[in-house]
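J.: Protein chains in written order, with the numbering used here: chain A, 134 to 421; chain B, 117 to 241; chain C, 686 to 928. Sharing a structure with you now.
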Amino acid sequence: MENILEIKSLKKVYNNFTLKDVSFNLPYGYIMGLIGPNGAGKTTIIKLIMNLIKRNSGEIKVFGKDNIKSEVEIKSKIGFVYDIPPFYEHLSLSQNKAIVSQFYSDWNDQLFGRYAKEFEINLKSKFKTLSRGMKMKFQLALALSHNAYFIILDEPTSGLDPVFRRELLEIFSELIQDEKKAILFSTHITSDLERIADFVTFIKDGDIVFSESKDLILESWGIVKGGKELLGTEVESLFHGIRKHEYGFEALTPYVKEIKQKFGKTTVSIEKPTLEDIMFFMTNSNGG
Amino acid sequence: MKIIISNSSENPIYEQITNQIKSQIINGDLQEGETLPSIRKLASELGISVITTKRAYEELEKEGFIDTVGGKGSFISRQNKEFLREKKMKVVEEKLAEAVSEAKMLGIRFKDLNEMLSILYKEEE
Amino acid sequence: MLRLSLKDFKVGKFFLLINIGFWTIMSPALLVMSVDLYFLLITLGALIMSMIPMSAESRDNTEILYISLPINRRIIVFSRYMSSFISIFVTFAWSVLWALILDKYLPVLNIGILHRISLSGLLTFIFFTVFVISILIPIIIRFGFMFSITISIFVTAIAAFGFTFGITYLISLNKDLFSLTNQGENGMLLLSIVKSKNLIYFLGQIMNRYGNTISIITIAAAMALVVFISIKISVKLFYRKEF
Chain A
134 MENILEIKSL
144 KKVYNNFTLK
154 DVSFNLPYGY
164 IMGLIGPNGA
174 GKTTIIKLIM
184 NLIKRNSGEI
194 KVFGKDNIKS
204 EVEIKSKIGF
214 VYDIPPFYEH
224 LSLSQNKAIV
234 SQFYSDWNDQ
244 LFGRYAKEFE
254 INLKSKFKTL
264 SRGMKMKFQL
274 ALALSHNAYF
284 IILDEPTSGL
294 DPVFRRELLE
304 IFSELIQDEK
314 KAILFSTHIT
324 SDLERIADFV
334 TFIKDGDIVF
344 SESKDLILES
354 WGIVKGGKEL
364 LGTEVESLFH
374 GIRKHEYGFE
384 ALTPYVKEIK
394 QKFGKTTVSI
404 EKPTLEDIMF
414 FMTNSNGG
Chain B
117 MKIIISNSSE
127 NPIYEQITNQ
137 IKSQIINGDL
147 QEGETLPSIR
157 KLASELGISV
167 ITTKRAYEEL
177 EKEGFIDTVG
187 GKGSFISRQN
197 KEFLREKKMK
207 VVEEKLAEAV
217 SEAKMLGIRF
227 KDLNEMLSIL
237 YKEEE
Chain C
686 MLRLSLKDFK
696 VGKFFLLINI
706 GFWTIMSPAL
716 LVMSVDLYFL
726 LITLGALIMS
736 MIPMSAESRD
746 NTEILYISLP
756 INRRIIVFSR
766 YMSSFISIFV
776 TFAWSVLWAL
786 ILDKYLPVLN
796 IGILHRISLS
806 GLLTFIFFTV
816 FVISILIPII
826 IRFGFMFSIT
836 ISIFVTAIAA
846 FGFTFGITYL
856 ISLNKDLFSL
866 TNQGENGMLL
876 LSIVKSKNLI
886 YFLGQIMNRY
896 GNTISIITIA
906 AAMALVVFIS
916 IKISVKLFYR
926 KEF
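Shown next as structure tokens:
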């Protein structure tokens with residue numbers, strides 16, 4: 134499997150935050166979700182890929198090429214959707230589009246028109262009059278209209294109504310029918326990922342917790358519930374985010390198989406986690 | 117082909133797919149040579165990850181239920197009729213074993229169990 | 686690059702037209718008062734024209750857009766200069782044209798523009814504006830637009846001195862070759878400028894001594910150097926800029 138994105142030992146230092154030793158790959162033809170609590174580093178990673186900020190060390194390769202050395206070449210094939218859309222507030226959508234489209238050699242105006250219609254965007258309206266959701270849709274229409282192979286989105290679904298969110302996921306799904314394309318999006322609405330992501334990369338405090346196929350994660354991680362008497366230092370090292378309550382405890386474990394073997398079905402209950410559960414327990418974890 | 121997956125089931129999704137395809141093959145609902153949708157199409161239709169459908173197809177191929185020809189897609193492979201029959205037999209055998217162990221637990225004797233079986237069989241006709 | 690520069694005019698359309706309109710309306714009065722004042726204010730107008738697109742960029746953060754598009758960062762910088770120079774040229778060309786039109790159709794105002802300005806005067810102002818822009822653009826890139834506006838007044842004042850002082854210093858290196866006044870050893874041009882308080886005649890004096898062509902070429906070369914250095918600095922700053 135060739136990778137559309139390869140990130141190796143990426144490091145970025147800020148005053149009060151550091152992205153450390155981030156490595157993960159995204160193969161052609163797949164969708165990856167980047168999840169993590171606010172401030173974990175998701176937007177930083179996306180900015181580093183787009184070279185909006187400079188990395189301190191490490192490697193980023195897109196389409197097999199260094200993202201800085203081949204910057205212009207790569208960007209002609211990347212469609213981007215940012216959290217804060219960078220367009221001229223006082224111009225209309227058409228005018229903003231006209232500025233953007235002239236720089237893409239593969240710009241397909243008919244396709245853009247179709248998306249604009251499908252997303253119900255009024256191209257004559259001024260950018261500043263749009264709701265957040267509409268602004269996102271506009272960016273998306275732009276990103277999809279120049280035959281881009283790599284679509285990168287930063288929090289595309291926050292601010293969107295649930296109906297359009299589903300539509301968006303369907304659009305992604307359609308897009309990925311082409312094995313030469315790939316999608317990376319960061320989100321903290323994990324339910325969107327549950328449905329459609331192939332890979333999930335979880336980042337916390339600037340570290341990658343895991344970057345794996347979603348299926349594998351949901352199979353090997355589980356929520357364990359049992360009586361407090363089962364807890365002991367050795368056992369606790371298998372858990373994350375242990376929450377004790379009056380009648381027992383619950384915790385997250387990446388070692389479902391081992392826990393099953395150790396305790397069996399009768400002593401503990403093991404449930405399949407949602408990505409949200411994982412994020413929740415991991416965020417409250419003291420590093421266990 | 118009919119596939120219905122449940123997110124809340126104990127079974128991982130890829131297993132639900134393989135199980136359903138297997139039973140449809142065994143039942144004859146899916147015929148030899150029939151084309152299966154591409155892994156991407158199936159994933160898109162079911163709203164699940166491509167990796168899941170890929171895994172399901174890989175399992176089915178490993179067990180000899182389907183063949184994948186690169187560039188052309190996946191098909192139901194020529195099922196060994198004996199092999200299929202054996203598989204079906206095994207299913208019945210397992211169900212009978214279950215009935216036997218339940219009967220034993222309740223203290224039902226072989227004679228009574230046998231009688232039950234005769235009545236049920238005749239009923240079906 | 687031209688496309689990128691032209692987008693600046695699309696972006697600032699409204700305000701640019703207002704700007705031009707404003708000066709067009711104000712100009713008869715100014716012309717009647719003083720040619721110096723007229724051109725000084727035209728200079729201001731040209732500077733404002735150049736900066737309007739930059740202010741829109743800064744307010745809406747559209748630099749992020751251009752960085753994300755398949756455009757070389759160097760080209761983005763060049764286009765800023767290009768659109769600024771186009772603004773400057775258009776402003777000055779229009780201001781002279783308008784004065785000529787007024788001259789022809791409203792002789793009652795007695796503007797007589799052609800008698801009152803010299804090529805040297807015009808060129809001085811144009812070069813001065815280019816000089817200021819060349820200082821401002823790297824500052825805007827490095828410190829942002831808002832900050833630059835605040836200090837631009839100081840920049841303009843320093844530029845006014847720096848401009849004349851710099852050229853004067855060059856000339857003073859060989860005062861025999863470049864002596865323009867007969868004020869003895871310390872016949873520095875700057876003193877005579879300060880005395881006469883008239884920027885227009887500064888270049889004129891050089892031209893008188895050396896003839897139009899050479900003087901214009903020298904000054905043009907100096908300006909090209911300033912712009913070149915400014916662009917180099919801007920490109921470096923822009924490559925390092927993070928969003």
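We treat Cβ as the ideally placed atom computed from N, Cα and C, and that holds for glycine. All values reported here derive from a predicted model rather than from experimental measurement.
Residue 94 of chain A by DSSP, collapsed to three states: which one?
T.: Residue 94 of chain A falls outside the range modelled here, since chain A spans only 134 to 421, and no answer is possible.
J.: Assuming residue 131 of chain A is part of the beta strand (DSSP E), what are its boundary residues?
T.: A question about residue 131 of chain A goes unanswered here, because the residues of chain A that appear run from 134 up to 421.
J.: Please return the same chain residues whose Cβ sits closer than 6 Å to the Cβ of residue 749 of chain C, not counting the five positions on each side in sequence.
T.: Locating residue 749 of chain C in the third sequence gives position 64, where the first residue counts as 1. 928.
J.: Name, please, each residue of chain B whose Cβ falls closer than 9 Å to the Cβ of residue 315 of chain A.
T.: Translated into the one-based positions of the first sequence, residue 315 of chain A becomes position 182. Correct list: empty, because the minimum Cβ distance to chain B is about 11 Å.
J.: Please list, in chain order, the chain C residues whose beta carbon lies closer than 7 Å to that of residue 222 of chain A.
T.: Numbered from its first residue, the first sequence carries residue 222 of chain A at position 89. Neighbours of residue 222 of chain A on chain C, chain order: 745.
J.: Please report the straight-line C-alpha distance between residue 363 of chain A and residue 383 of chain A, rounded to a whole angstrom.
T.: Position 230 of the first sequence, counted from the start, is the residue given in the question as residue 363 of chain A. Position 250 of the first sequence, counted from the start, is the residue given in the question as residue 383 of chain A. Answer to the nearest angstrom: the Cα atoms are 11 Å apart.
J.: For the beta strand (DSSP E) holding residue 160 of chain A, just list the boundary residues, first then last.
T.: Sequence index remark: in the first sequence, residue 160 of chain A carries index 27 (1-based). Counting along the chain, the beta strand (DSSP E) containing residue 160 of chain A begins and ends at 151 to 160.
J.: Compute the distance between the beta-carbons of residue 755 of chain C and residue 209 of chain A, then report whether it is under 7 Å.
T.: Here residue 755 of chain C corresponds to residue number 70 of the third sequence, with the count starting at 1. Here residue 209 of chain A corresponds to residue number 76 of the first sequence, with the count starting at 1. Result yes, Cβ atoms of residue 755 of chain C and residue 209 of chain A sit closer than 7 Å.
J.: Looking at the secondary structure, which residues open and close the alpha helix (DSSP H) in which residue 233 of chain A lies?
T.: The count along the first sequence starts at 1 and reaches residue 233 of chain A at position 100. Its alpha helix (DSSP H) spans residues 226 to 234.
J.: In three-state terms, what does DSSP make of residue 315 of chain A?
T.: Within the first sequence, numbered from 1, the residue matching residue 315 of chain A stands at position 182. It is a strand residue.
J.: How is residue 401 of chain A classed by DSSP in three states: helix, strand or coil?
T.: By one-based count along the first sequence, residue 401 of chain A stands at place 268. Here residue 401 of chain A sits in coil by DSSP.
J.: Excluding the five sequence neighbours on either side, which residues of its own chain have a C-beta within less than 6 Å of the C-beta of residue 879 of chain C, listed in chain order?
T.: Reading the third sequence from its first residue, position 194 is the one you call residue 879 of chain C. At residue 879 of chain C the pLDDT is 45, less than 50, meaning the model places this residue with poor confidence; the figure from the coordinates comes in the next sentence. There are no such residues.
J.: Between the alpha carbons of residue 314 of chain A and residue 703 of chain C, how many angstroms are there, rounded?
T.: Walking along the first sequence from the start, residue 314 of chain A turns up at place 181. Walking along the third sequence from the start, residue 703 of chain C turns up at place 18. Roughly 47 Å separates the two Cα atoms.
J.: The region 747 to 775 of chain C: which residues have C-beta closer than 7 Å to a C-beta of chain A, in chain order?
T.: Answer in chain order: 747, 749, 750, 752, 753, 754, 755, 756, 757.
J.: Skipping 5 residues on each side, what residues in its chain have a beta carbon closer than 7 Å to that of residue 759 of chain C?
T.: Residue mapping note: residue 759 of chain C aligns to position 74 of the third sequence, counting from 1. Excluding residues within five positions, the ones whose Cβ falls inside 7 Å are 920.
J.: With 9 Å as the limit, tell me which residues of the region 325 to 358 of chain A have their beta carbon closer than that to any beta carbon of chain B; keep them in chain order.
T.: Under the 9 Å Cβ criterion, the region 325 to 358 of chain A contributes 327, 328, 329, 330, 331, 332, 346, 347, 348, 349, 351, 352.
J.: Using 10 angstroms around the beta-carbon of residue 301 of chain A, count the other beta-carbons present and answer buried if the total reaches 16, otherwise exposed.
T.: What you label residue 301 of chain A is simply residue 168 of the first sequence in a count that begins at 1. Result: buried.
J.: Using DSSP with H/G/I as helix, E/B as strand and the rest coil, what is residue 144 of chain B?
T.: Indexing the second sequence from 1 puts residue 144 of chain B at position 28. Of the three classes helix, strand and coil, the one that applies to residue 144 of chain B here is coil, per DSSP.
J.: What residue ranges within the region 326 to 380 of chain A form continuous alpha helix (DSSP H) runs of no fewer than 4 residues, ordered along the chain?
T.: 347 to 353, 366 to 369, all fully within the region 326 to 380 of chain A.
J.: Starting from the beta carbon of residue 306 of chain A, find every residue of chain B whose beta carbon is closer than 8 Å, and list them in chain order.
T.: To locate residue 306 of chain A, count along the first sequence from 1; it is residue 173. Per Cβ cutoff of 8 Å: 159, 160, 163.
J.: According to the neighbour-count rule (16 or more other Cβ atoms, all chains shown, within 10 Å of its Cβ), is residue 146 of chain A buried or exposed?
T.: One-based indexing of the first sequence puts residue 146 of chain A at position 13. The residue in question, residue 146 of chain A, is exposed, as its Cβ has fewer than 16 Cβ neighbours within 10 Å.
J.: Give me the Cα-Cα distance between residue 170 of chain A and residue 129 of chain B, rounded to the nearest whole angstrom.
T.: In the first sequence, residue 170 of chain A corresponds to position 37, counting from 1. In the second sequence, residue 129 of chain B corresponds to position 13, counting from 1. Each residue's alpha carbon lies about 27 Å from the other.
J.: Quick check: what's the CA-CA separation for residue 234 of chain B versus residue 223 of chain B?
T.: Counting from one through the second sequence, the residue named residue 234 of chain B turns up at place 118. Counting from one through the second sequence, the residue named residue 223 of chain B turns up at place 107. Using only the alpha carbons, I get a separation of about 19 Å.
J.: Locate the alpha helix (DSSP H) running through residue 412 of chain A, then write down its first and last residues.
T.: One-based indexing of the first sequence puts residue 412 of chain A at position 279. Run containing residue 412 of chain A: 408 to 416, per the alpha helix (DSSP H) assignment.
J.: To the nearest angstrom, how far is it from the Cα of residue 387 of chain A to the Cα of residue 298 of chain A?
T.: Residue mapping note: residue 387 of chain A aligns to position 254 of the first sequence, counting from 1. Residue mapping note: residue 298 of chain A aligns to position 165 of the first sequence, counting from 1. When rounded, the distance between both Cα atoms is 29 Å.
J.: Beta-carbon separation of residue 229 of chain A and residue 260 of chain A under 7 Å?
T.: Here residue 229 of chain A corresponds to residue number 96 of the first sequence, with the count starting at 1. Here residue 260 of chain A corresponds to residue number 127 of the first sequence, with the count starting at 1. Yes.
J.: What residues match up with residue 212 of chain A in a beta bridge as DSSP calls it?
T.: Counting from 1 along the first sequence, the entry for residue 212 of chain A is found at position 79. Beta-bridge pairing links residue 212 of chain A to A:284.
J.: Would you say residue 212 of chain A and residue 284 of chain A are within 7 Å of each other, going by their C-beta atoms?
T.: Your numbering for residue 212 of chain A matches position 79 in the first sequence. Your numbering for residue 284 of chain A matches position 151 in the first sequence. Cβ distance < 7 Å, so residue 212 of chain A and residue 284 of chain A count as in contact.
J.: Inspect the beta-carbon positions of residue 191 of chain A and residue 333 of chain A and report whether they are closer than 7 Å.
T.: Position 58 of the first sequence holds residue 191 of chain A. Position 200 of the first sequence holds residue 333 of chain A. No, the Cβ-Cβ distance between residue 191 of chain A and residue 333 of chain A is not below 7 Å.
J.: Check whether chain A comes within 7 Å of residue 128 of chain B, counting only Cβ atoms and requiring the distance to be less than that.
T.: The residue labelled residue 128 of chain B in the question sits at position 12 within the second sequence. Interface residue, yes.
J.: Does the distance from the C-beta atom of residue 743 of chain C to that of residue 818 of chain C stay below 7 Å?
T.: In the third sequence, residue 743 of chain C corresponds to position 58, counting from 1. In the third sequence, residue 818 of chain C corresponds to position 133, counting from 1. No; because the gap between Cβ atoms is not below 7 Å, this pair is not in contact.
J.: For residue 77 of chain A, which residues in chain B fall below 7 Å Cβ to Cβ?
T.: Chain A is shown only over 134 to 421; residue 77 of chain A falls outside these bounds and no answer can be derived.
J.: For residue 225 of chain A, go through chain C and note every residue whose CB falls closer than 9 Å to its CB, in chain order.
T.: Against the first sequence, residue 225 of chain A aligns to sequence position 92. In chain order: nothing, as chain C lies at least about 11 Å away.
J.: Nearest chain A C-beta to residue 920 of chain C closer than 7 Å, yes or no?
T.: Taking the first residue of the third sequence as 1, we reach residue 920 of chain C at position 235. By this cut-off, residue 920 of chain C is not an interface position.
J.: Following the continuous alpha helix (DSSP H) through residue 245 of chain A, name the residue where it begins and the one where it ends.
T.: Residue numbering aside, residue 245 of chain A sits at position 112 when the first sequence is read from its first letter. Where residue 245 of chain A is concerned, the enclosing alpha helix (DSSP H) stretches over 242 to 251.
J.: Going by the CB atoms, is the gap between residue 277 of chain A and residue 248 of chain A shorter than 7 Å?
T.: In the first sequence, residue 248 of chain A corresponds to position 115, counting from 1. In the first sequence, residue 277 of chain A corresponds to position 144, counting from 1. In this structure, residue 277 of chain A lies closer than 7 Å to residue 248 of chain A by Cβ.
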